[in-house]
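Enquirer: All residue numbers for the sequence shown refer to my numbering, where the first residue is 527 and numbers rise by one.
Idealized CB from N, CA, C, for every residue including glycine.
Here the structure is a predicted model, which is why all the values come from computation and not from measurement.
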Amino acid sequence: MSIKPDAAVYGGPRARDPPPPPAGGGGASPPAIPHRPRVTLRTLRAKHAAGERITMVTAYDYPSATHVDAAGVDVLLVGDSAAMVVHGHDTTLLLTLDAALLHCQAVSRGARTPLLVGDLPFGSYEASPTDAVRSAVRLLKEGGMDAVKLEGGGRARVAAAAAVVGAGVAVMGHVGLMPQAISVLGGFRPQGQSAASALKVVREARALQDAGCFALVLECVPSPLAAAVTASLSIPTIGIGAGPHTSGQVLVYHDLLGMMAHPHYRQVTPKFCKSYAGVGAAIQEALGRYAGEVRSGAFPGPAHTPYRLDAPTAEALARELRAGGEGKAADAVEAVVAEQGLRAAGAGPG
Ligand code: KIV
527 MSIKPDAAVY
537 GGPRARDPPP
547 PPAGGGGASP
557 PAIPHRPRVT
567 LRTLRAKHAA
577 GERITMVTAY
587 DYPSATHVDA
597 AGVDVLLVGD
607 SAAMVVHGHD
617 TTLLLTLDAA
627 LLHCQAVSRG
637 ARTPLLVGDL
647 PFGSYEASPT
657 DAVRSAVRLL
667 KEGGMDAVKL
677 EGGGRARVAA
687 AAAVVGAGVA
697 VMGHVGLMPQ
707 AISVLGGFRP
717 QGQSAASALK
727 VVREARALQD
737 AGCFALVLEC
747 VPSPLAAAVT
757 ASLSIPTIGI
767 GAGPHTSGQV
777 LVYHDLLGMM
787 AHPHYRQVTP
797 KFCKSYAGVG
807 AAIQEALGRY
817 AGEVRSGAFP
827 GPAHTPYRLD
837 APTAEALARE
847 LRAGGEGKAA
857 DAVEAVVAEQ
867 GLRAAGAGPG
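Okay, here's the thing in structure tokens:
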């Protein structure tokens, strides 16, 4: 179980168990992951107080979680963006709580040190604060999360946030563009571009802070508004498409890694995303090379054919096959053993 109290009496939170070492087979071994203490709300408060910027990235499965962990990122968000970047939907609305829980469970097995925040999916918390508490508790108990995130700063959402915090679950708020509200916002549009709408964002942010949120995501708002919200709150703000004047930044894993090579995806990747790698292109190239080598017979070569039969066993097998009327199969055994023998003697094709 990954949930540890914010400040434990007996020694404090410890890092989760390390993931097992990767199985052998190909590629350079990853660098050893240094041991770091787990990030808790206290860690974030201390960083914020010291003026250190907070780092946050999304992840949705075990391997992405191990990478985020190894990079020393502070907060890992199991975002409902999974609906889009993992499941291929056009919006975040279709992610179910059960699907979110599967993502959370995989992530919590792979990440040892970041604070794990699970997004409450659309439909899992809006109807009542009771629903919000029930869903939030599931993300912690079944998903292994440390905290939850919910979108919106209207009255009902603030009440939901207060109820969840009251139930003992740390809540990260989310204002500005709220992808779960595209139905009422009229699409994925930047928010706070008029004085009235900007003031609404400031008021919602304050209300969420008053409800007990420990941090706030500010999505797709003009930079001066992000600066104003950050200045008016005592909790950290985490920006995405909100400029540099926030307490930290978050990006979606697939966006920052340049994971999606498909031209359509490149067209719809938000303007504020920066790609730090071209992982999608590397994946595409590797898959193409693999398929080419399978077609040509170059893979698997001797280096990737580890299981052998010693000569007496191979002879016995061929004999038995022949006795059973399987002459072609016996010939195949003998041919491969002969070829391997030639190769071992340095005379055959490498
Ligand atoms: O689901 C998500 O990825 C998010 C981030 C954009 C903050 O909510």
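Determine the direct distance from the alpha carbon of residue 859 to that of residue 869, and round the result to whole angstroms.
Expert: For residue 869 and residue 859, the distance between alpha carbons rounds to 15 Å.
Enquirer: For the candidate residues 619, 739, 608, whose alpha-carbon lies nearest to that of residue 710?
Expert: The residue with the shortest Cα to Cα distance from residue 710 is 619.
Enquirer: Going by C-alpha distance, which of 670, 656, 863, 773 is nearest residue 834?
Expert: Checked all of 670, 656, 863, 773; the closest Cα to residue 834 is 863.
Enquirer: Quick one: does the C-beta of residue 605 sit closer than 7 Å to a heavy atom of the ligand KIV?
Expert: Checking every heavy atom of the ligand KIV against the Cβ of residue 605, one is found closer than 7 Å.
Enquirer: Please determine whether the Cβ atom of residue 700 lies at a distance below 7 Å from any heavy atom of the ligand KIV.
Expert: True, at least one ligand heavy atom lies under 7 Å from that Cβ.
Enquirer: Output needed for residue 650: all residues of its chain with C-beta closer than 6 Å, excluding positions within five of it in sequence on either side, in chain order.
Expert: Answer for residue 650: 623, 661, listed in chain order.
Enquirer: Should the segment 666 to 674 be called in touch with the segment 685 to 703, which here means at least 3 C-beta pairs below 8 Å?
Expert: The segment 666 to 674 vs the segment 685 to 703: in contact.
Enquirer: For a test of your reading of the model: does the CB of residue 776 fall under 7 Å from any non-hydrogen atom of the ligand KIV? Yes or no.
Expert: For the ligand KIV, at least one heavy atom lies less than 7 Å from the Cβ of residue 776.
Enquirer: Using DSSP bridges, identify the partner residues of residue 584.
Expert: Paired residue(s): 603.
Enquirer: By a C-beta neighbour count over all protein chains shown, 10 Å radius and 16 as the cutoff for buried, is residue 563 buried or exposed?
Expert: By the 10 Å Cβ count, residue 563 comes out exposed.
Enquirer: Can you name, in chain order, every residue of its own chain whose Cβ lies under 7 Å from the Cβ of residue 717, other than the five neighbours on each side?
Expert: Within the same chain, residue 717 has close Cβ partners 702, 703, 723, 727, 746, 747.
Enquirer: Distance check for residue 594 and residue 685, CA to CA, integer angstroms please.
Expert: So the alpha carbons of these two residues sit roughly 32 Å apart.
Enquirer: By how many angstroms is the C-alpha of residue 849 removed from the C-alpha of residue 809?
Expert: In a straight line, the C-alpha of residue 809 is about 48 Å away from that of residue 849.
Enquirer: Among the residues of its own chain, which have a CB less than 7 Å from the CB of residue 691, if the five just before and after it don't count?
Expert: Around residue 691: 697, 737, 738.
Enquirer: Expressed to the nearest angstrom, what Euclidean distance is found between the alpha-carbon atoms of residue 551 and residue 828?
Expert: Reliability of the predicted coordinates at residue 551 is poor, the pLDDT of 46 falling under 50, and the value obtained from them is presented with this limitation in mind. Each residue's Cα considered, the two are about 14 Å apart.
Enquirer: Mind reading off the beta-carbon distance from residue 585 to residue 633? Whole number of angstroms is fine, and I expect it under 8 Å.
Expert: Sure, about 5 Å apart at Cβ, within 8 Å.
Enquirer: Using 8 Å as the threshold, is the segment 644 to 659 in touch with the segment 566 to 580, meaning 3 or more CB pairs across them?
Expert: The answer is no - the segment 566 to 580 does not touch the segment 644 to 659, with fewer than three Cβ pairs under 8 Å.
Enquirer: Mark residue 880 as exposed unless 16 or more other C-beta atoms lie within 10 angstroms of its C-beta, in which case mark it buried.
Expert: Because the chain spans 527 through 876 in this model, residue 880 falls outside it and cannot be assessed.
Enquirer: Does the Cβ-Cβ distance between residue 772 and residue 781 come in under 8 Å?
Expert: Contact flag unset, no.
Enquirer: Tell me whether residue 578 sits in a helix, a strand or coil according to DSSP, three-state version.
Expert: Looking at residue 578 - three-state DSSP - the assignment turns out to be coil, as it is neither helix nor strand.
Enquirer: Measuring only the C-alpha atoms, how far is residue 605 from residue 680?
Expert: Distance between the alpha carbons of residue 605 and residue 680 is about 21 Å.
Enquirer: Can you give the beta carbon distance from residue 644 to residue 626, rounded, assuming they're within the 8 Å contact cut?
Expert: Right, their Cβ atoms sit about 7 Å apart.
Enquirer: Can you give me the C-alpha to C-alpha distance between residue 608 and residue 621, rounded to a whole angstrom?
Expert: Residue 608 and residue 621: Cα-Cα distance of roughly 8 Å.
Enquirer: Between residue 727 and the ligand KIV, is the CB less than 7 Å from at least one heavy atom?
Expert: It does not: the Cβ of residue 727 is nowhere closer than 7 Å to a heavy atom of the ligand KIV.
Enquirer: I need the straight-line Cα distance from residue 729 to residue 805, nearest angstrom please.
Expert: If you take the alpha carbons of residue 729 and residue 805, they lie about 40 Å apart.
Enquirer: With 16 as the cutoff for other CB atoms within 10 Å, does residue 590 come out buried or exposed?
Expert: Result: buried.
Enquirer: With hydrogens ignored, establish whether the beta-carbon of residue 645 is closer than 7 Å to any heavy atom of the ligand KIV.
Expert: Yes, the Cβ of residue 645 comes within 7 Å of a heavy atom of the ligand KIV.
Enquirer: Below 8 Å on the Cβ atoms is my contact criterion, and I expect residue 735 with residue 759 to pass it. Report the Cβ-Cβ distance as a whole number of Å.
Expert: With a Cβ gap of about 5 Å, residue 735 and residue 759 count as contacting.
Enquirer: Taking 8 Å as the threshold (C-beta atoms), are residue 567 and residue 714 in contact?
Expert: Taking 8 Å as the Cβ cut-off, residue 714 and residue 567 do not qualify as a contacting pair.
Enquirer: Considering only DSSP beta bridges, list what residue 698 is partnered with.
Expert: Answer by DSSP bridge pairing, in chain order: 675, 741.
Enquirer: Taking 7 Å as the limit between beta carbons, can you name the residues of its chain near residue 537, skipping five residues before and five after?
Expert: Only weak support is given to the placement of residue 537: the predicted model assigns it a pLDDT of 48, under 50, and the value that follows is read from those uncertain coordinates. So no residue of the chain qualifies.
Enquirer: Give the secondary structure of residue 775 by DSSP, where H, G and I count as helix, E and B as strand, and everything else as coil.
Expert: DSSP places residue 775 in strand when its eight states are reduced to three.
Enquirer: Going by CA-CA distance only, name the one from 631, 871, 725, 742 that's closest to residue 675.
Expert: Checked all of 631, 871, 725, 742; the closest Cα to residue 675 is 742.
Enquirer: Pull up the CB-CB distance for residue 757 and residue 768, whole angstroms please, since I reckon it's below 8 Å.
Expert: So it is not a contact: roughly 13 Å between Cβ atoms.
Enquirer: Would DSSP call residue 831 helix, strand or coil?
Expert: In the structure shown, residue 831 sits in coil (DSSP, three-state: anything other than H, G, I, E or B).
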